[in-house]
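J.: Handing you a structure now.
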Amino acid sequence: MHCWAGDGRRFRVLCVIDDFSRECLATVVDTSLSGIRVARELDRIAEVRGHTCMVVSDNGTELTSNAILKWQEDRKVDWHYITP
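Note that the working numbering has the sequence shown beginning at 19, numbered continuously upward.
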């Protein structure tokens with residue numbers, strides 16, 4: 019998701035939510051979020067909660083990047099993209 023600050027600058031927000039419990043596992047706010055950054059955040063969550071079997075996300079550039087494709091393949095995570 020992206021938003022704009024009061025001064026007009028755009029920033030991105032990554033929200034990781036457990037679909038079953040509805041618990042927010044992470045909220046990351048930055049001026050840009052690369053696939054590498056998203057993968058690092060997912061690994062950070064996995065250190066505490068264990069790796070997930072499946073991720074459902076939109077098809078934003080950071081979530082369809084080579085870094086994410088490699089991350090999900092290496093960890094054998096099923097990744098599903100919602101229809102925009």
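Backbone N, C-alpha and C define an ideal beta-carbon position, used for all residues, glycine too.
Could you tell me how far apart the beta carbons of Val-105 and Glu-59 are, in whole angstroms, since I believe they sit closer than 8 Å?
T.: Outside the modelled stretch of the chain, which goes from 19 to 102, sits residue 105, for which no answer is possible.
J.: Using a Cβ-Cβ cutoff of less than 8 Å, which residues in the same chain neighbour His-98 once the five nearest sequence positions on both sides are dropped?
T.: Position 80 of the sequence shown, counted from the start, is the residue given in the question as residue 98. Cβ within range, chain order: Met-72, Val-73, Val-74, Ser-75.
J.: What distance in whole Å lies between the Cβ atoms of Arg-67 and Ser-50, which are believed to be in contact at a cut-off of 8 Å?
T.: As a first step, residue 50 must be located in the sequence shown, where it is residue number 32. As a first step, residue 67 must be located in the sequence shown, where it is residue number 49. In fact, because the Cβ distance is near 26 Å, the residues do not count as touching under 8 Å.
J.: Alpha helix (DSSP H) containing Val-56: first to last residue?
T.: Sequence index remark: in the sequence shown, residue 56 carries index 38 (1-based). Taken as a continuous stretch (DSSP letters only), the alpha helix (DSSP H) holding Val-56 covers 53 to 67.
J.: Pick out whichever of Ala-23, Thr-70, Asp-25, Arg-28 has its Cα sitting closest to the Cα of Val-34.
T.: Here residue 34 refers to the residue found at position 16 when the sequence shown is read from its first residue. That would be Thr-70, whose Cα lies nearest to the Cα of Val-34.
J.: What residues in its chain sit with their C-beta under 6 Å from that of Ser-83, if we drop five residues either side in the sequence?
T.: Within the sequence shown, the letter at position 65 stands for residue 83. Same-chain partners within the cutoff: Gly-53.
J.: So for Asp-76, helix, strand or coil by DSSP?
T.: As a working mapping, residue 76 is identified with position 58 in the sequence shown. DSSP places Asp-76 in coil when its eight states are reduced to three.
J.: Closest to Pro-102 by C-alpha separation, out of Lys-94, Arg-93, Thr-79, Gln-90, would be which residue?
T.: Working through the sequence shown from its first residue, we reach residue 102 at position 84. The shortest Cα separation from Pro-102 among Lys-94, Arg-93, Thr-79, Gln-90 belongs to Thr-79.
J.: Output yes or no for whether 9 Å exceeds the beta carbon distance between Leu-43 and Ile-63.
T.: The residue given as residue 43 occupies position 25 in the sequence shown. The residue given as residue 63 occupies position 45 in the sequence shown. Yes; because the gap between Cβ atoms is below 9 Å, this pair is in contact.
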